[in-house]
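Respectively, the protein sequence lines represent chains R and F.
The opening position of the first sequence corresponds to residue 1 in UniProt numbering, with each subsequent residue numbered one higher.
The opening position of the second sequence corresponds to residue 1 in UniProt numbering, with each subsequent residue numbered one higher.
There are 2 protein chains.
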Amino acid sequence: MNEFSLINKYFAESSFVRKDVIIGIGDDAAITQVPQNQSLATTTDTLLKGVHFLANTSPQDIAHKAIAVNLSDLAAMGAEPSWLSLSLTMPDADEVWLQGFSEKVAELTEYFSVQLIGGDTVKGPLSITITAQGFVPQDSVLTRDGAKNGDWIFVTGTLGDAGAGLDILRNKLTGDDASASDYLVARHRRPTPRVLAGTVLRRLASACIDVSDGLLQDVMHIAKASGTGVILHVDRLPISDALRSYVKDLHQAFGYAASAGDDYELLFTVPEEHRNTVQTALDSYSIMHTCIGQMTGAIGKLDLKLNEKPYTLYDCERVGYSHF
Amino acid sequence: MNEFSLINKYFAESSFVRKDVIIGIGDDAAITQVPQNQSLATTTDTLLKGVHFLANTSPQDIAHKAIAVNLSDLAAMGAEPSWLSLSLTMPDADEVWLQGFSEKVAELTEYFSVQLIGGDTVKGPLSITITAQGFVPQDSVLTRDGAKNGDWIFVTGTLGDAGAGLDILRNKLTGDDASASDYLVARHRRPTPRVLAGTVLRRLASACIDVSDGLLQDVMHIAKASGTGVILHVDRLPISDALRSYVKDLHQAFGYAASAGDDYELLFTVPEEHRNTVQTALDSYSIMHTCIGQMTGAIGKLDLKLNEKPYTLYDCERVGYSHF
């Protein structure tokens, strides 16, 4: 099967259809319409077998993660996703794999109301690059550089689940609680991009980022971009019941929550005058959120506290992921 | 070196800067502004070592080709390029390679007035995915599906050079003319996207595509999308002096011109009533163009002619490239 029939068979008709797509898959480029008074948000992420997912990961879970990590980047800017482009490198035209992958793409494009508008297929080591586009009003963009001394640090959802899930899959973490294990592995394999939370935070959060590299690295991205420091209260980090049950040692749970990455929760800062509004708005959408610390004037400095006392992490070496 | 310092060191400040980029490299997504009354054109292409370029290709030539093939797709829609996103998978953080690659990116973004707005870096087999974005007025988009019976078929530049250049590099084609060899290899390594030609053809061409898969495959993409057939006059295919000199046998030159692909010239169809206008407009910009045939009513049928008589190609097996 050649690449044209591949694209046509599995992708051309498997996507949600939007009215703002004038030309989708099938020409040299897609043609789309950005609404007036909206800026365009664009992000690209590549997932490579053995680096971003284990070799035995299902095509459904690979599709889920590839889409989720890109939508998460848009969410962190406060943008509403609209279109996806997919470049798929795969060793052979495995129809079972393509069936599973494209069904998940269809399901998620429908769920998030985004359209697959184009892409490329190449023969080679399994790798997926997605470019996601979306809209955000220009005066509502969430960035990393707006945090001020005294702003409160919040995070959506719970932290550390994905890292624990990955360690379970790698046999680096073992335990008895099968349902907790399933939950943690699912959080690793099928992260939830916080798209709605991102739009709710527009004009309220002073800075925002998604937790992909790990909380400590990501909070320091905000601090460095904003010219501030950070106090984090480790005892306030939101830990899921599953993680607490599975790892037993609470300090190990704190280690996962602080450093493991891949949670794709939103980490954001809020000025005192918006604190109540943010909490009320997120509550009204039932979006879990936790205040975990505060920005400081100590530029570039990270203070970890446990019950108000200085704290050193259980696993200090594990501070995020570096490719090179 | 970690991926953040890689991106910052080599790419964050190496690109042309545009006023319509509100946030470029360095946040979770880029934020840009599409002009009012313009549609957005988006295309993605992946180049993989060993598939799209030979293992010994210089980083400069890889950067050139990765950018050119994407801008060529925009040109084929009549779009003016604006922004690039780059996902770079490489086996290690080779600083000499990155220096060469990023210098060429900087040079070409300047030349085409496009800004690098984001991307990703991953450790793995050398592969480059670029997403290019641009603008085109909605009523001026060039597509594949507008050709009508009787429309004239034109192509910019010369055909077959890139294919001959690749065969020279692979030692499948040999000859004495060193300067012709250099020219053909350069045409393979550093194709020219016909961006200006694409904008000139807006509202004049009835259909357009770039010659990437090979003339015969690409003209049939237009024919199938438009519901027409094709007559091509092989004796009218534009052959460069270098190709004619190097291959000696004119029929072999026709074979390269018809089938070899990777020329990235624009192939387009023109209704009789626009024929003079198109030729005058392209002449006024010194854009070489040649009428090579005509669309017919014989849906899906391709007739090759040599001096008005039916013709069979020198190398009929070589009809474009298929990945799977």
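For glycine and all other residues, C-beta sits at the position ideal for the given N, C-alpha and C.
**Prompt:** What do you get for Val96(F), buried or exposed, if any count of 16 or more other CB atoms within 10 angstroms of its CB means buried?
**Reply:** exposed
**Message:** For Gly118(F) and Ile31(F), what's the separation of their Cα atoms in angstroms?
**Reply:** 10 Å
**Request:** Answer yes or no: do Ala147(R) and Thr228(R) have a C-beta to C-beta separation smaller than 9 Å?
**Result:** yes
**Prompt:** How big is the Cα-Cα spacing for His251(R) and Glu103(R)?
**Reply:** 40 Å
**Asked** Of the residues Thr57(R), Arg190(R) and Ser15(R), which one's Cα is nearest the Cα of Glu107(R)?
**Response** Ser15(R)
**Request:** Please confirm if the region 171-186 of chain F is in contact with the region 199-209 of chain F, defined as three or more CB-CB distances below 8 Å between the two stretches.
**Result:** no
**Message:** Just to confirm before moving on: does the CB-CB distance between Thr129(R) and Thr129(F) stay below 9 Å?
**Reply:** yes
**Asked** Does the distance from the CB of Leu47(R) to the CB of Ala76(R) come in under 9 Å?
**Response** no
**Secondary structure of residue 336(F), DSSP reduced to three states** = Here chain F has residues from 1 to 324 only, and residue 336(F) is not among them.
**Message:** Please identify, using Cβ separations under 7 Å, the residues of the UniProt domain "PurM-like C-terminal" (149-297) of chain F that lie next to chain R, in order along the chain.
**Reply:** Ile209 and Asp210
**Request:** In the DSSP assignment, find the unbroken beta strand (DSSP E) run with Gln36(F) in it and report its ends.
**Result:** Neither: Gln36(F) is in no beta strand (DSSP E) and is coded neither H nor E.
**Item:** Coarse secondary structure for Asp177(R), derived from DSSP in three states
**Value:** coil
**Message:** Report the CB separation of Leu159(F) from Leu237(F) in whole angstroms; it is logged as a contact under 8 Å.
**Reply:** 6 Å
**Message:** Just to check my reading of the structure: Thr57(R) and Asp27(F) have Cβ atoms closer than 8 Å, yes? What is that Cβ distance to the nearest angstrom?
**Reply:** In fact, because the Cβ distance is near 29 Å, the residues do not count as touching under 8 Å.
**Request:** Would you tell me roughly how many angstroms separate the C-alpha atoms of Ala132(F) and Trp83(F), rounded to the nearest one?
**Result:** 6 Å
**Request:** Can you tell me which of the three DSSP states residue 384(F) falls into?
**Result:** Because residue 384(F) is not part of the residues shown, which for chain F are 1 to 324, the question remains open.
**Asked** Helix or strand or just coil, what does DSSP make of Ile25(R)?
**Response** strand
**Item:** Endpoints, the beta strand (DSSP E) within which Ser127(R) is located
**Value:** Ser127 to Val136
**Asked** Going by other Cβ atoms of all chains shown within 10 Å of its Cβ, with 16 needed for buried, is Gly297(F) buried or exposed?
**Response** exposed
**Message:** With the cut-off set at 9 Å, would you say Val219(F) and Gln294(F) are in Cβ contact?
**Reply:** no
**Prompt:** In the structure shown, what three-state DSSP assignment does Gly293(F) receive?
**Reply:** strand
**Request:** Evaluate Asp139(F) with the Cβ neighbour count: other Cβ atoms within 10 Å of its Cβ, from every protein chain shown; 16 or more gives buried, anything less gives exposed.
**Result:** exposed
**Item:** Own chain residues within Cβ distance below 6 Å of Thr89(F), not counting five before or after
**Value:** Val122, Gly124 and Ser127
**Prompt:** What is the DSSP secondary structure of His52(F), reduced to helix, strand or coil?
**Reply:** coil
**Message:** I want to see whether chain R comes within less than 9 Å of Ser15(F), judged by CB atoms only; does it?
**Reply:** no
**Asked** For chain R, is any of its Cβ atoms less than 9 Å away from the one on Gly100(F)?
**Response** no
**Limits of the unbroken beta strand (DSSP E) element including Pro81(F)** = Glu80 to Met90
**Item:** Under 8 Å by beta carbon: chain R residues contacting Ile22(F)
**Value:** Ser39, Gln138 and Val141
**Asked** Near Phe300(R), which residues of its chain fall below 8 Å by C-beta distance, leaving aside the five closest residues on each side in sequence?
**Response** Contrary to the premise, residue 300(R) reads as Gly rather than Phe in this sequence. Here the set comprises Met220, Ala223, Lys224 and Gly229.
**Prompt:** Out of curiosity, what's the CA-to-CA distance linking Gln38(F) and Gly134(F)?
**Reply:** 9 Å
**Residue range of the unbroken beta strand (DSSP E) whose run includes Val270(F)** = Leu266 to Val270
**Prompt:** Cα separation between Leu243(R) and His52(R)?
**Reply:** 21 Å
**Message:** Just to confirm before moving on: does the CB-CB distance between residue 325(R) and Asp151(R) stay below 9 Å?
**Reply:** Residue coverage of chain R in this structure runs from 1 to 324, which leaves residue 325(R) outside it and unanswerable.
**Message:** Going by the DSSP bridge assignment, what does Ile209(R) pair with across the sheet?
**Reply:** Leu267(R)
**Cβ separation of Thr232(R) and Leu304(R), assumed to be a contact under 8 Å, to the nearest whole Å** = According to the sequence as given, residue 232(R) is Leu; it is not Thr. Between Leu304(R) and Leu232(R) the Cβ distance is about 5 Å, and since that is below 8 Å, they are a contact.
**Asked** What residues from chain R crowd round Arg144(F), counting only those whose CB sits closer than 9 Å?
**Response** Gly26, Asp27 and Asp28
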